[in-house]
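Reading the sequence shown from the start, the letters are residues 194 to 519 in our numbering. Data block below; observations after.
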Amino acid sequence: MNLRGAAAARFFAKPDPGTAGALIYGADAMRVALKRQELIANLTGPAAEEEMRLTRLAGADLRGDPAAVLDGLKAVGFFPGPRVVFVDAVGEAQGAPVLAALDGWAEGDAALVVTAGALNKTSKLRKAFETHPKAAAIGLYDDPMGREEIEAALASEGIDPTPEARRDIDALATQLDPGDFRQTLTKIALYAGGAPVDAAAVAAMAPATVDAETDEVIAAAADGRAASIGPLMQRLAGQGVAPVTLAIFATRTFQQLHGIACGTAQPYGPRRDALSRQARAWGGKRLESALALLMETDLTLRSSSRAPQMAVMERALIRLAMMAPR
């Protein structure tokens, strides 16, 4: 089977006990690792590690012992319960032992969970798991987390959000990678201590992307307050803030504004209202021009140009302020 979206989320949350296993692949190693952990936990239940019902193998070691995967699937454990053989970081070069083990799988054997990096459509690993009647191939891409994934993450942390807090959590899911998002949810759960989670709790635990003055100078550019930029830049220069860092943070902010303007992102945190207002005022086309300017500035800062870098960054922010709608 080839699973995606909601079907993949359901498989991770409640896999068939009689499954032969799954191939989880993707360029984002953290995303793959989180889903692998979820699947193995739901296949084996608690105490699998202590009861030796989980066998771990590394893809790089299979050349030296190609029979290890099949032997692991056929082994009879001392403790009762479902078993899993997990093979980490398998490439096409180490795929033959995995393919042989999958081909030799029979009812009653352990489930085979395999992780890999990005795989193209011609991959033998992908084809084997996609065409096996009892196995699944699941590709993980850089798409924002779906509603079912967010709800599963909230349930696992025991978080009961208010409607406003849920809106902010959904927005965080579009801004953070899955690892950072899960860590943020863990912090929110600890902060709430079992009480319903409100928007203030989400804002308090959301990762800070910029400090106050950096945030202020970028907001000044977005609001068209060109006269405020010079004094703010002097203070930031005195604090040792690097111009490239300012360029990165400004780009992230304007990317967020572009997403809000286009309807692909949502504002969150204490600056929610300001971000919504700025996105509406700028509009998608003007924000695309702003992002082009920031990209050009970032390239200049990283080049061999002898121009004073802080002056280059200040000029770019002033130009942004002049572009801002009046």
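All C-beta atoms in this analysis are idealised placements derived from N, C-alpha and C, irrespective of residue type, glycine included. Small disclaimer: the values here were computed from a predicted structure and weren't measured.
### Message
Below 8 Å, how does it come out for the stretch 211 to 223 and the stretch 326 to 345: are there three or more Cβ pairs, yes or no?
### Response
yes
### Task
Give the DSSP bridge partners of I331, in chain order.
Along the sequence shown, read from residue 1 onward, the residue named residue 331 stands at position 138. I331 is bridged to L196 and I217.
### Query
Under 9 Å, do L312 and V277 count as touching if we go by C-beta distance?
To locate residue 312, count along the sequence shown from 1; it is residue 119. To locate residue 277, count along the sequence shown from 1; it is residue 84. No, these two residues do not count as a Cβ contact at 9 Å.
### Query
P463 and Q449: beta carbons closer than 9 Å?
By 1-based counting over the sequence shown, the position of residue 463 is 270. By 1-based counting over the sequence shown, the position of residue 449 is 256. No.
### Message
If contacts are defined as beta-carbon pairs under 8 Å, then D353 and V390 qualify, I think. What distance do you get, rounded to the angstrom?
### Response
To locate residue 353, count along the sequence shown from 1; it is residue 160. To locate residue 390, count along the sequence shown from 1; it is residue 197. About 6 Å separates the two Cβ atoms, so the contact holds.
### Opposing strand residues paired with R249 [DSSP bridges]
Position 56 of the sequence shown holds residue 249. The partner list for R249 (beta bridge, DSSP) reads F279.
### Query
Which first and last residues belong to the alpha helix (DSSP H) in which P484 is found?
Numbered from its first residue, the sequence shown carries residue 484 at position 291. The sequence given here has Leu at residue 484, not Pro. Per DSSP, L484 belongs to the alpha helix (DSSP H) from R465 to R495.
### Task
Have a look at D296 and A458 and give me their C-alpha separation to the nearest angstrom.
Looking up residue 296 in the sequence shown gives position 103. Looking up residue 458 in the sequence shown gives position 265. C-alpha separation (whole angstroms): 44 Å.
### Query
Using a Cβ-Cβ cut-off of 7 Å (strictly less than) and excluding sequence neighbours within five positions of G288, which residues of its own chain qualify?
Counted from its first residue, the sequence shown places residue 288 at position 95. Only K317 and L318 meet the Cβ criterion.
### DSSP three-state assignment for A305, whether helix, strand or coil
Here the question's residue 305 lines up with position 112 in the sequence shown. Per the sequence shown, residue 305 should be read as Leu rather than Ala. L305: strand per DSSP, three-state reduction.
### Query
Can we say the stretch 484 to 500 touches the stretch 434 to 445, given the rule of at least three CB pairs closer than 8 Å?
yes
### Query
According to the neighbour-count rule (16 or more other Cβ atoms, all chains shown, within 10 Å of its Cβ), is E243 buried or exposed?
Numbered from 1 along the sequence shown, position 50 holds the residue referred to as residue 243. Classification of E243: exposed, given that the 10 Å Cβ count is below 16.
### Query
From L263 to A346, what distance separates their C-alpha atoms?
Here residue 263 refers to the residue found at position 70 of the sequence shown. Here residue 346 refers to the residue found at position 153 of the sequence shown. So the alpha carbons of these two residues sit roughly 33 Å apart.
### Task
From the DSSP output, in three-state form, read off P273 for me.
Stepping through the sequence shown from its first residue, residue 273 is reached at position 80. Coil, per DSSP.
### Query
Which same chain residues, not among the five before or five after P518, have their C-beta less than 6 Å away from its C-beta?
Position 325 of the sequence shown, counted from the first residue, corresponds to residue 518. Cβ within range, chain order: A474.
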